[in-house]
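Undergrad: Just so it is clear: in the sequence shown, position 40 is 53 by the working numbering, and no numbers are missing.
Ideal Cβ placement from N, Cα and C applies to all residues, glycine included.
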Amino acid sequence: MADFTQKLDTTEGSAFFTFTRIYTVRGVIYFTAVTGRGFRHFFHMEERGGMWRIVESPKPPEWIYQYEEELARTILQNRS
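See below:
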């Protein structure tokens, strides 16, 4: 079940980023699915040094990295 979703207009067209909170022994991470017309990708985000970052396993396509800061803001606005 998704915790929250963010729609972004990206270089690949409109994309919906769906965040699902997962509790691990290292702390909270967000499983993130991004879908749009003709694509679907999955990756994780975790907090490192006070900032939410994309974890490179599995590694998302390069174009997603340019939205990392906006995705981090989305997490900060929606976590409770």
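Tell me whether Tyr36 sits in a helix, a strand or coil according to DSSP, three-state version.
TA: For the purposes of this step, residue 36 is taken as the residue at position 23 of the sequence shown. Strand, per DSSP.
Undergrad: Suppose the cutoff is 6 Å on Cβ atoms and the five residues either side in sequence are ignored; what does the same chain contact list for Glu116 look like?
TA: Because the chain here runs from 14 to 93, residue 116 falls outside it and cannot be looked at.
Undergrad: With a threshold of 7 Å, establish whether the CB of Asp16 neighbours any heavy atom of the ligand GDP.
TA: Among the components of this structure there are no ligands whatsoever, and the ligand GDP is therefore not found.
Undergrad: Whole-angstrom Cβ separation of Ala28 and Thr48, contact assumed at under 8 Å?
TA: Position 15 of the sequence shown, counting from 1, holds the residue named residue 28. Position 35 of the sequence shown, counting from 1, holds the residue named residue 48. 7 Å between Cβ atoms; contact.
Undergrad: State the Cα-Cα distance for the pair Ile73 and Gln90, rounded to the nearest angstrom.
TA: Taking the first residue of the sequence shown as 1, we reach residue 73 at position 60. Taking the first residue of the sequence shown as 1, we reach residue 90 at position 77. Position check: residue 73 holds Pro in this sequence, whereas Ile was assumed. So the alpha carbons of these two residues sit roughly 23 Å apart.
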